[in-house]
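When the letters of the sequence shown are read in order and numbered with the numbering used here, they come out as residues 10 to 529.
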Amino acid sequence: MTQSVIRLFDDDAVLPRGGCPAHRRIRARAGGFPSRAPALDTLDTVLDLVEHRGWELDRACEHLPEPHWVHRAAAAYLRSVEPGSRAVPCFWVRQYIPDRGSRARPYELCARGRRYVRPGVRELRVPVPAPVLRTPPDARTAVAAYVLATGREVDRAACDADPQRYLGGVPFPMLGRREPLPRRVRVVEVSCLDSATAVRFDGTPAQAEALFQEVGREGLRSALAGGARVPGADCLDCGARRRCDRLPPAPGLLGADPSPGPHRTWSVSLGQDFRACPARARYRALGVPPAAPAHREDTVRTWLERLHGRLPRRPCEPADLPADPDRRATGHRPTGEEARRTAAMLAAHVPVCPLRGLPSGSHLRLGASLTADDTETGVLVLSRADVLHHHSGSWIHRSISAPEGDPPPQGLPLLSHDPRLALAVLLFASGVLPTGPASAVELEALTPAGAHLLSLDPSSPDVRQEARRVVGALAAPWLGADAFPATPGPACLTCPYARWCPAQRQKPRLEETPRPAGHA
């Protein structure tokens, strides 16, 4: 009997920030698939119906529960496809099957994307839920190009007839015929926002193999080597979730009655989205691409994380601040007044920088992901500390904000004002963060007029009680929801998903928007 396949994808060659090396190894050795945004799976299903079965786009989308966004994304993608390219349903896999009697396990290299051929050419077009960047090929691109250059066609009909068999570790079935290997391979990324494309690789099979040897192979070796267990979003689908000694159990963290539902993730941002508009939370959970310019708070956070990450560690000083923070952090040119306000907020940070007075060698984590498993609801709770540092033997959790209006309130009302702080208090209360005598939950609110540094004691019974009330009130409506309707209102003005929302506009047809200039 053939042993279970070790299956590696191009995604595996690069561990994303916050990814878990142990999960990547466990999943690859079980022959599984890397998780991705559900929105991309839905998009693939719709594009298969259009490209392989000849359906009109309207028909392919009409039975979806949220057809508007996928209609627009699919239309944007289809506008990018070059005339003369033929979409193929079968995917290519580089497969290694050991000799009979060998103890070696079979393994496969795979690449995810949409597949096309022209005479002598194989092309992989990868839909991305963001603007595309024209950057040099990375390890992921190297693996994809190698699979295109050397892989064989999989029997797609056999896979579709019994998908669980091949998700369970059985090697993919290959077509009996052998098609000629290509003379040229291409890897192209396509933005689902505007049809823009970026050619990540275009060359001969020999060049693809050389790139794989140079930058791709080592990434796959790292994937199989594994590493430390890092709690985060990977925990949601991980087979080791219930026995992981690094994922802290926090039963009742969200304050709901014990009623386990489907495994899903929750964060304060998701709860706030649901409160503003249930459809907004649904789009976020699906991974629908947001379309909104960078907020000033994002620019401030980007710069401070960059400054705090310098080695050797040192506090921020006036000379460290950028003259044009928005341009270098986000790539866009703001108005002069906007740039001045951002620069003033960064200057306000200098006197309250958490690295000021921090002893050498102190523990410091920037943009730290914090994860807890609410075992009563089955929900994975995700949080982020802008700065998490050790001071006097205790952890200090600091969040940074750039408020537009009045400064934040002090005392217990601060928890309702910024529920991130309430969740941080509960992470201390549940043991996710060890509580010490000097532990604190801080908010650094930066304004052009100065900084407001506010602090709460996570050990205080009153603080904990109010934190439970705030988090429970934010999470309960989402936990009990079985529908996510759009509710137009003031939140629409700043909604990053407005372009996808059926309450905002009618869906376009393919011919409404011309092909963009500079397409691949």
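C-beta: ideal position from N, C-alpha, C; glycine also.
DSSP state of residue i mapped onto helix, strand, coil
i      : result
VAL79  : helix
ALA460 : strand
SER231 : helix
HIS358 : helix
TYR506 : coil
LEU389 : strand
HIS317 : helix
ASP427 : coil
SER7   : No information on residue 7 is available, as it lies outside the stretch 10 to 529 that the chain covers here.
TRP312 : helix
SER200 : strand
THR339 : For THR339, the predicted model reports a pLDDT of 46, less than 50, meaning its position is unreliable and no value from the coordinates is stated.
ASP108 : coil
ASP395 : strand
THR274 : strand
HIS61  : helix
PRO240 : coil
LEU133 : strand
GLU451 : strand
PRO499 : helix
ARG124 : strand
GLU223 : helix
GLU162 : strand
HIS72  : coil
LEU465 : strand
VAL141 : coil
ALA529 : Note on ALA529: pLDDT 33, under 50, position unreliable in the model; no value is reported.
HIS304 : coil
VAL194 : strand
ARG322 : coil
Local Cβ density within 10 Å of residue i, reported as buried at 16 or more and exposed below that
i      : result
GLN173 : exposed
GLY129 : exposed
GLN12  : exposed
SER369 : exposed
TYR105 : exposed
GLU132 : buried
PRO486 : exposed
ASP108 : exposed
THR496 : exposed
ALA431 : buried
THR386 : buried
HIS341 : Any answer about HIS341 is weak, because its pLDDT of 48 lies below 50 and its placement is not dependable; what the coordinates show is given next. HIS341 should be labelled exposed.
ARG252 : exposed
GLU451 : buried
HIS72  : exposed
GLU61  : First, the amino acid is wrong: residue 61 is His here, not Glu. Counting Cβ neighbours within 10 Å, HIS61 comes out exposed, since fewer than 16 surround it.
ASP383 : buried
ASP20  : buried
PRO298 : buried
LEU502 : exposed
Distance cut-off 7 Å: residue i Cβ against heavy atoms of the ligand COA
i      : result
PRO214 : Absence of the ligand COA from the depicted structure is noted, as is the absence of any ligand whatsoever, leaving it without description.
Residue range of the beta strand (DSSP E) that includes residue i
i      : result
PHE210 : 206-212
TRP404 : 403-410
ILE15  : 15-18
GLU117 : 116-119
Supposed contact pair residue j and residue i - C-beta distance, whole angstroms, cut 8 Å
i      : j      : result
HIS400 : SER371 : 7 Å
VAL97  : VAL126 : 6 Å
GLY122 : ARG134 : 6 Å
ALA69  : LEU58  : 4 Å
VAL388 : LEU263 : 6 Å
LEU364 : ALA377 : The Cβ separation is near 15 Å, so there is no contact.
VAL390 : TRP275 : 6 Å
ARG5   : LEU375 : Nothing about residue 5 can be reported from this structure: the residues present for the chain run from 10 to 529 only.
ARG193 : THR213 : 6 Å
ALA34  : GLY235 : Residue identity differs from the one stated: residue 34 is Arg in this sequence, not Ala. With a Cβ gap of about 3 Å, ARG34 and GLY235 count as contacting.
VAL79  : LEU52  : 6 Å
PHE437 : PRO416 : PHE437 to PRO416, Cβ: 25 Å. No contact.
VAL434 : ALA476 : 4 Å
GLU91  : VAL14  : Incorrect: roughly 34 Å between the Cβ atoms, too far for contact.
Element boundaries [alpha helix (DSSP H), containing residue i]
i      : result
GLY376 : Careful: GLY376 lies outside any alpha helix (DSSP H), inside the beta strand (DSSP E) at 373-383.
GLN173 : 172-176
ARG293 : 287-295
ALA148 : 148-159
ASP471 : 470-488
ALA31  : 30-38
Validate contact between the region 83-92 and the region 194-201 using beta carbons, cut 8 Å, 3 pairs: When Cβ pairs closer than 8 Å are counted between the two stretches, the region 83-92 is seen to touch the region 194-201, the count reaching three or more.
Validate contact between the region 242-258 and the region 28-36 using beta carbons, cut 8 Å, 3 pairs: yes
Segment contact flag, the region 161-169 with the region 217-235, C-beta cutoff 8 Å, min 3 pairs: no
The region 305-325 touching the region 400-418, judged by at least three CB pairs closer than 8 Å: yes
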